[in-house]
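If you number the sequence shown the way the working numbering does, the last residue is 245 and the count never jumps. For every residue, glycine included, the Cβ atom is placed at its ideal position computed from N, Cα and C. Reviewing the structure listed below.
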Amino acid sequence: MTELFAELASCDPGDPRGAALRDQIVALTLPLARNIARRFSSRGEEMDDLYQVACVGLIHAVDRFDPARGSGFTSFAVPTIMGEVRRYFRDHAWAARVPRRVKDLSLDVGKATEALSHRLGRSPTAAELAAELDTDPDSVIEAIAAAGAYQTHSLDSPVVRDGDTDATLADTLAADDNELEKSELHLALRPLIEKLSPREKRIVKMRFFEERTQTEIARELGVSQVQVSRLLSKILARIRTDLDG
């Protein structure tokens, strides 16, 4: 792949050989676009539509990638493709009118939920998400509720509730969420992350926010993948211990 990009960079504008090389690189990296599209396929959009959007992001990544900077193409392409898919959800996939501020926060909540679930071994509370995103729990709850605007459903839609196959969606709307009362008990997470060293924070950011692989992090830091794995285990264990304490 590096050789193909180097050859592409050497082509003059308008050179048909450059267009052929570009098409070849895109074809070789299509599995990356499909894998990223699949990660978003549970949000109510057709897989084919998400794949097309991811392919657009992939083409942008190929056109913008500069091999002279020394970074790998995958580490550059993944955030580019994911950004394209997230913009699609933000701008096109909402069935109801939602303020842009809430749309953006909803996407951030989704990323933070995935990262915190991995760290904590359970689903995070609204307060934990708020601490992670440096916002307030009410805004997080609003963003989570707005995520339902991706798709609308009739209140008469059938659901299975406590074995009752005749129940409808309307029957579930009055349920209380008692977990919200416990959310203030978990505000200690953010200070624990702030206690990490700059290097540890950088590793956490690359792994859980930039969604890089351990191999990519190891290449960035100039260490082995095994060392990155041990560092991550050490960091997460310390956070869990401090959180339990």
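Here A61 has F76, A77, T80, I81 as same chain residues with Cβ atoms under 7 Å from its own Cβ, once five neighbours each way along the sequence are excluded. Collapsing the DSSP output to three states places L196 in coil. Sequence-distant Cβ neighbours of A9 in its own chain, meaning closer than 7 Å and more than five residues away, are P67.
By the Cβ-count criterion, E128 is buried, with 16 or more other Cβ atoms from all chains shown falling within 10 Å of its own Cβ.
Separation of S197 and V56 (C-alpha to C-alpha, rounded to the nearest whole angstrom) is 38 Å.
By the Cβ-count criterion, R101 is exposed, with fewer than 16 other Cβ atoms from all chains shown falling within 10 Å of its own Cβ.
Taking the CA atoms as reference points, S42 sits about 12 Å from I36. Taking the Cβ atoms as the reference, F209 lies roughly 11 Å from H118, outside the contact range of under 8 Å. For A115 and F65, the gap between their C-alpha atoms comes out near 27 Å. Exclusion of the five residues before and after E7 leaves L21 as the residues of its chain whose Cβ lies within less than 7 Å of its Cβ. Your pair L232 and I193 does not check out as a contact, with CB atoms roughly 14 Å apart and the cut at 8 Å. Taking C-beta atoms as the reference points, L32 and L58 count as a pair closer than 8 Å. Distance from F40 to L30 at the Cβ level is roughly 16 Å; contact not present, criterion being Cβ atoms closer than 8 Å. C55: member of the alpha helix (DSSP H) spanning 47 to 64, first to last residue.
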